[in-house]
Amino acid sequence: MSVEFTFDGRPMTAQPGQTVGAALLNEGIRSWRTTRFGGRPRGLFCGIGVCFDCLVTVNGEPNVRACLAVVAEGDVVRTQVGDGRGGAVAGDERD
(Lines of atoms letter the chains of each structure in order from A and count residues from 1; the text may use other names and numbers.)
(Lines give C-alpha, C1' and ligand atoms only; values in the text may rest on other atoms or scores of the structure.)
Protein backbone atom coordinates (compact mmCIF):
# COMPACT_ATOMS: atom_id res chain seq x y z
CA MET A 1 0.00 0.00 0.00
CA SER A 2 1.28 3.47 -0.84
CA VAL A 3 0.24 7.08 -0.34
CA GLU A 4 -0.30 9.22 -3.43
CA PHE A 5 0.57 12.92 -3.49
CA THR A 6 1.77 15.51 -6.00
CA PHE A 7 4.95 17.54 -6.05
CA ASP A 8 4.94 20.58 -8.33
CA GLY A 9 2.07 18.97 -10.23
CA ARG A 10 3.79 15.60 -10.72
CA PRO A 11 2.17 12.49 -9.23
CA MET A 12 4.32 10.73 -6.64
CA THR A 13 4.00 7.93 -4.13
CA ALA A 14 5.28 7.48 -0.60
CA GLN A 15 5.19 4.71 1.95
CA PRO A 16 2.67 5.15 4.79
CA GLY A 17 4.28 7.15 7.59
CA GLN A 18 7.05 8.50 5.35
CA THR A 19 7.94 12.17 5.63
CA VAL A 20 7.70 14.52 2.67
CA GLY A 21 11.49 14.89 2.69
CA ALA A 22 12.08 11.14 2.65
CA ALA A 23 9.52 10.66 -0.13
CA LEU A 24 11.13 13.36 -2.28
CA LEU A 25 14.62 11.95 -1.72
CA ASN A 26 13.29 8.52 -2.64
CA GLU A 27 12.11 10.01 -5.95
CA GLY A 28 15.59 11.47 -6.57
CA ILE A 29 14.59 15.06 -5.77
CA ARG A 30 17.29 16.77 -3.71
CA SER A 31 16.17 20.41 -3.73
CA TRP A 32 12.69 21.81 -3.08
CA ARG A 33 13.19 25.33 -1.79
CA THR A 34 15.03 28.46 -2.86
CA THR A 35 16.44 31.06 -0.49
CA ARG A 36 14.86 34.49 -0.10
CA PHE A 37 18.05 36.24 -1.18
CA GLY A 38 19.89 34.84 -4.16
CA GLY A 39 17.44 32.05 -5.00
CA ARG A 40 19.88 29.32 -3.95
CA PRO A 41 18.50 25.76 -3.89
CA ARG A 42 17.94 23.99 -0.58
CA GLY A 43 16.69 20.58 0.51
CA LEU A 44 17.18 18.18 3.38
CA PHE A 45 20.11 19.12 5.62
CA CYS A 46 19.74 18.18 9.30
CA GLY A 47 16.75 15.84 8.91
CA ILE A 48 15.46 16.53 12.44
CA GLY A 49 13.64 19.86 12.15
CA VAL A 50 16.34 22.16 13.46
CA CYS A 51 17.75 23.95 10.39
CA PHE A 52 14.69 24.96 8.28
CA ASP A 53 16.50 24.23 4.99
CA CYS A 54 13.84 21.74 3.89
CA LEU A 55 10.81 24.06 3.87
CA VAL A 56 8.05 23.27 1.37
CA THR A 57 4.49 24.43 0.79
CA VAL A 58 1.95 21.70 1.60
CA ASN A 59 -1.71 22.16 0.68
CA GLY A 60 -1.15 25.92 0.39
CA GLU A 61 0.59 26.24 3.77
CA PRO A 62 4.13 27.64 3.43
CA ASN A 63 7.10 26.90 5.66
CA VAL A 64 6.33 23.25 6.37
CA ARG A 65 9.44 21.29 7.39
CA ALA A 66 9.65 18.40 4.93
CA CYS A 67 11.76 16.37 7.35
CA LEU A 68 8.95 16.36 9.93
CA ALA A 69 5.72 16.42 7.89
CA VAL A 70 4.27 12.99 7.18
CA VAL A 71 2.82 12.62 3.69
CA ALA A 72 -0.97 12.24 3.65
CA GLU A 73 -3.07 10.89 0.81
CA GLY A 74 -3.74 13.62 -1.75
CA ASP A 75 -1.26 16.15 -0.37
CA VAL A 76 -0.26 18.90 -2.78
CA VAL A 77 3.41 19.68 -2.17
CA ARG A 78 5.11 22.56 -3.95
CA THR A 79 8.61 23.93 -4.16
CA GLN A 80 8.81 26.93 -1.84
CA VAL A 81 10.20 30.12 -3.34
CA GLY A 82 11.72 32.54 -0.83
CA ASP A 83 9.67 32.90 2.32
CA GLY A 84 6.64 31.27 0.67
CA ARG A 85 4.31 34.12 1.58
CA GLY A 86 4.42 36.34 -1.51
CA GLY A 87 2.38 34.01 -3.69
CA ALA A 88 5.47 33.01 -5.65
CA VAL A 89 5.66 29.44 -6.88
CA ALA A 90 8.39 27.44 -8.50
CA GLY A 91 9.42 29.04 -11.75
CA ASP A 92 8.56 32.58 -10.68
CA GLU A 93 11.32 35.18 -10.84
CA ARG A 94 10.43 36.65 -7.44
CA ASP A 95 12.00 35.68 -4.11
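If you read the sequence shown in the working numbering, its first letter stands for residue 52, the second for the next number, and so on.
Yeah, the Cβ is synthetic: ideal placement off N, Cα and C, and Gly gets one too.
Excluding the 5 residues flanking residue i on each side, which residues of the same chain have their C-beta closer than 6 Å to its C-beta?
i: Ala117; result: Val71, Gly72, Cys105 and Val107
i: Thr57; result: Val127
i: Gly103; result: The residue you asked about is not Gly; residue 103 is Phe in the sequence shown. For Phe103, where only same-chain residues beyond five positions count, there are no Cβ hits under 6 Å.
Give me, in chain order, the residues of the same chain whose beta-carbon lies closer than 7 Å to that of residue i; leave out the 5 immediate sequence neighbours on both sides.
i: Arg136; result: Pro113
i: Asn110; result: Asp126 and Val127
Rounded to whole angstroms, what is the Cα-Cα separation between residue i and residue j?
i: Arg84; j: Val54; result: 22 Å
i: Met63; j: Leu119; result: 18 Å
i: Arg93; j: Gly100; result: 14 Å
i: Leu75; j: Thr86; result: 19 Å
i: Gly125; j: Phe88; result: 31 Å
i: Gly68; j: Ala123; result: 8 Å
i: Gly98; j: Val121; result: 13 Å
i: Gln66; j: Asn77; result: 10 Å
What is the DSSP secondary structure of residue i, reduced to helix, strand or coil?
i: Ala73; result: helix
i: Thr86; result: coil
i: Met52; result: coil
i: Glu124; result: coil
i: Ala65; result: strand
i: Phe103; result: coil
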